[in-house]
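Student: For reference, the structure I am asking about is given below.
In my numbering, the protein residues as written are 31 to 469.
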């Protein structure tokens, strides 16, 4: 065992893991879409780490911006106006297309959602917060209660007022429910949601949260009619619509923000990850005109020591410029089409592959037992360790990603070239050959 690994196991607590028996790889180098371990093995980064390394590893422009800011003003209180704070907020607002919006910067996605909860409660004077099952919004106190899957259990009982609802997931709809098309599915789930709003009391509901495109829980892509319907429902009852774009933002789906696919404008948009591609931690809340103006005359009860950290803001400005310079929107469209074709081929070839969902360079495949689509894992219960085995097989072949329940996420850096994408997906194809025999 190397000294680095030995010290890591001795002094570090590793997230989402029972500490006994973990075996972290020692990583020594990263560049572009690849990283290397201490033994010299190279890995395709096919999940962009945690769907945040959108511009890959070693982007020199972002690194240089961080260096220059560290030499100029590495930190100053959030109370002060600094050039990079102003520039970062301006760049985010302009990219969003939200007229007269403002930004409250945070340090991460969970903090963004925490502060969105507080803003919605202050703005409406209400206290109930709706969020979807099969969504992940973070693991801190409030964001953890927003989360609608087993990772929120450790936060329970938590504060009162967090209500879960079912969002569109036609592939796993009750067996007796059959949809004719996406609009039919949207109508079904919108009726469920409005009924729930009425039973909970619209006058008590501050916000409805949703991941615009659900991320780790399976890249669930909502129908157009669903997103417009939620927007109309929120407008009808005076509820704040919050789109979590922590994963789906920053061109991951082919547009700067995923909500732009739907022709709507949320009231609040939370973001992190791709805004700096992980080079420096930063997140934020995009605040619509009507809500930011409310705080002209009402004290905004949100604050963080590292709010709008200058080095994070410098990284954000540089990253946004790089998205444009590298023509990332165009590359996501091009490589997304390539990825869609490959995924379709894998679905037809491999009996173990159930539904595949893809938008831009954001995709997931369900690993199933049979043609009925019976998942090999349900609700994180995996007594046979099936999904860790599959992820381990991929890692051994040089394909890094992660799984959730019975789903494998494929979300490479947005700079990936077609040749790299095909090479990496050929590894997945070979591993799925073995999976077919395991199931």
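In this text, a Cβ means the ideal position worked out from N, Cα and C, and glycines have one as well.
Everything numeric in this text was worked out from a predicted model, so none of it was measured.
For residue 114, collect the residues of the same chain with a Cβ closer than 7 Å to its Cβ; drop the 5 residues on either side in sequence, then sort them by chain order.
Tutor: Counting from one through the chain shown, the residue named residue 114 turns up at place 84. These residues qualify, in order along the chain: 99, 340, 343, 344 and 347.
Student: Could you check the C-alpha separation between residue 377 and residue 370 for me, to the nearest Å?
Tutor: Position 347 of the chain shown, counted from the start, is the residue given in the question as residue 377. Position 340 of the chain shown, counted from the start, is the residue given in the question as residue 370. If you take the alpha carbons of residue 377 and residue 370, they lie about 10 Å apart.
Student: State the start and end residues of the unbroken beta strand (DSSP E) segment that holds residue 273.
Tutor: To locate residue 273, count along the chain shown from 1; it is residue 243. Looking at the DSSP string, the run of the beta strand (DSSP E) that includes residue 273 is 270-274.
Student: If you reduce the DSSP assignment to three classes, tell me which class residue 395 lands in.
Tutor: On the chain shown, position 365 is the one that residue 395 refers to. Strand at residue 395.
Student: Starting from residue 162 and walking both ways along the alpha helix (DSSP H), at which residues does that stretch end?
Tutor: Here the question's residue 162 lines up with position 132 in the chain shown. Element bounds for residue 162: not the alpha helix (DSSP H) but the beta strand (DSSP E), 158-162.
Student: For residue 411, count neighbouring Cβ atoms within 10 angstroms of its own Cβ and tell me buried if that reaches 16, exposed if not.
Tutor: Indexing the chain shown from 1 puts residue 411 at position 381. Under this definition residue 411 is an exposed residue.
Student: In whole angstroms, give me the CA-to-CA distance for residue 437 and residue 202.
Tutor: For this step, residue 437 is matched to residue 407 along the chain shown. For this step, residue 202 is matched to residue 172 along the chain shown. Rounded to the nearest angstrom, the two C-alpha atoms are 13 Å apart.
Student: Using the DSSP secondary-structure output, state which residues sit across from residue 291 in a beta bridge.
Tutor: Start at 1 with the first residue of the chain shown, and residue 291 comes out as number 261. Answer by DSSP bridge pairing: none, since residue 291 is not bridged.
Student: From residue 252 to residue 212, what does the alpha carbon distance come to, in whole angstroms?
Tutor: Position 222 of the chain shown, counting from 1, holds the residue named residue 252. Position 182 of the chain shown, counting from 1, holds the residue named residue 212. Residue 252 and residue 212: Cα-Cα distance of roughly 9 Å.
Student: My guess is that residue 133 and residue 316 are in contact by the Cβ rule of under 8 Å, so how many angstroms apart are they, rounded?
Tutor: In the chain shown, the residue the question calls residue 133 occupies position 103. In the chain shown, the residue the question calls residue 316 occupies position 286. Residue 133 to residue 316, Cβ: 6 Å. Contact.
Student: Would you kindly work out how many angstroms separate the C-alpha atoms of residue 129 and residue 353, rounded to a whole number?
Tutor: Taking the chain shown and counting its residues from 1, the one referred to as residue 129 is at position 99. Taking the chain shown and counting its residues from 1, the one referred to as residue 353 is at position 323. Going from the Cα of residue 129 to the Cα of residue 353 covers about 21 Å.
Student: Could you tell me which uninterrupted beta strand (DSSP E) segments, each at least 3 residues in length, are contained entirely in the region 185-254, listed from first to last along the chain?
Tutor: Listed in chain order, they are 192-195 and 235-241.
Student: How would you write the range of the alpha helix (DSSP H) that residue 115 sits in, first residue to last?
Tutor: One-based indexing of the chain shown puts residue 115 at position 85. First-last of the alpha helix (DSSP H) with residue 115: 113-126.
Student: For the beta strand (DSSP E) containing residue 389, list its first residue and its last residue.
Tutor: Sequence index remark: in the chain shown, residue 389 carries index 359 (1-based). 383-389 is the extent of the beta strand (DSSP E) around residue 389.
Student: Whole angstroms are fine: how far does the CA of residue 44 sit from the CA of residue 380?
Tutor: Taking the chain shown and counting its residues from 1, one reaches residue 380 at position 350. Taking the chain shown and counting its residues from 1, one reaches residue 44 at position 14. Whole-angstrom Cα-Cα distance: 34 Å.
Student: On the DSSP bridge list, what partners appear for residue 411?
Tutor: Stepping through the chain shown from its first residue, residue 411 is reached at position 381. According to DSSP, which records beta bridges pairwise, residue 411 is partnered with 408.
Student: Taking 6 Å as the limit between beta carbons, can you name the residues of its chain near residue 177, skipping five residues before and five after?
Tutor: One-based indexing of the chain shown puts residue 177 at position 147. Same-chain partners within the cutoff: 166 and 167.
Student: What are the start and end residues of the beta strand (DSSP E) that includes residue 64?
Tutor: Against the chain shown, residue 64 aligns to sequence position 34. 64-67 is the span of the beta strand (DSSP E), which, as asked, contains residue 64.
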